[in-house]
Amino acid sequence: DTEVTQTPKHLVMGMTNKKSLKCEQHMGHRAMYWYKQKAKKPPELMFVYSYEKLSINESVPSRFSPECPNSSLLNLHLHALQPEDSALYLCASSQSQGGAIYEQYFGPGTRLTVT
Amino acid sequence: AQKITQTQPGMFVQEKEAVTLDCTYDTSDPSYGLFWYKQPSSGEMIFLIYQGSYDQQNATEGRYSLNFQKARKSANLVISASQLGDSAMYFCAMRGLNTGFQKLVFGTGTRLLVSP
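Chains L and B supply the protein sequences, listed in that same order. For any residue, its number in our numbering is found by taking its place in the first sequence, counting from 1, and adding 21. Position 115 of the second sequence, counting from 1, maps to 106 under our numbering, and the rest follow consecutively.
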C-alpha cells in the first residue's frame, strides 16, 4: 500500500481563522514533507520531518506551523494567512535517507482558498 | 545548487504513439537521483520512475522508460503506446547528496495531451 491521505480535500478560510491540514501514511516511512503548489507551477518544498524531527524549513513564514505528533501523522497549522497563500498543499512521505535515495509518495493534496 | 530544466511547456501525441518528454539537469552533487512524476488535473503527484546517477542501465517501469545520458545531463522520459489517461502534467525532479537527499527539486513541468 503506497497511500498517503490528506484531509480536508478543500478548505476555505478567512484571514483571521485558525485551521489545520492533516496528513497520514502507514507505510512505515520516517521522512515526511509539506509542499506548496501554486497554479501552473511546480511544487515548492516547505518543511521536511525526519524521524519526527524538523530537519528542513525553507524559510516559511511563521503563519505556517508544522507538527509531527508521531511517525504516521503530519499536521500543518495555519493562522492569519494571506490571500496569496491560496494554493494546493501536498504532503509526501518516503523511506528514511540513510545515504540512499528513495522516491516520495504524495497525497492528493488540500486545495486551500484564503478569503 | 540543483536545477531542472523542462523546455517543453506542452506536448501533443496521438493515442498508441510513443512520446519523449525532455529533462536536463545541473548539479554539483557527486551522487543524485532523478525522478519523473505525473500530475493529473485532480492534483495528486504520482511517482512514475527513478534513475540513480550511478545506475548503469536506463530505468524502465512498464510503458515508461528513462533515457539517461549522464554526460549530457539529460533524463528524458519515454512513454510508449500512449493512452488517453496519460494526459496530465509531467514533472522531472532530482534529489542530491548535498542536501542529504532530503530536498526534491522540480522542473517547471510539461503538459501532455493525448488525442484519440
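Yeah, the Cβ is synthetic: ideal placement off N, Cα and C, and Gly gets one too.
In this structure L/M53 is buried. Its beta-carbon is surrounded by 16 or more other beta-carbon atoms within 10 angstroms.
Positions of the beta strand (DSSP E) runs, each at least 3 residues long and wholly inside the stretch 6 to 40 of chain B, are given as 10 to 12, 15 to 17, 23 to 30 in order along the chain. Here L/Y123 has S115, Q116 as same chain residues with Cβ atoms under 7 Å from its own Cβ, once five neighbours each way along the sequence are excluded. Inclusion of B/P107 and B/L75 in the CB contact set at 8 Å is warranted, their separation being smaller than that value.
Between the alpha carbons of B/F26 and B/K64 lies a gap of roughly 14 Å. Put simply, the CB of B/K94 is near chain L, with a gap under 8 Å to one of its CB atoms. Look at B/S32: its C-beta is not under 8 Å from any C-beta on chain L. Proximity of chain B to L/A52 at the Cβ level (cut-off 8 Å) is accounted for by Q93, in chain order. Of the other Cβ atoms in all chains shown, fewer than 16 fall within 10 Å of the Cβ of B/F3; this residue is therefore exposed.
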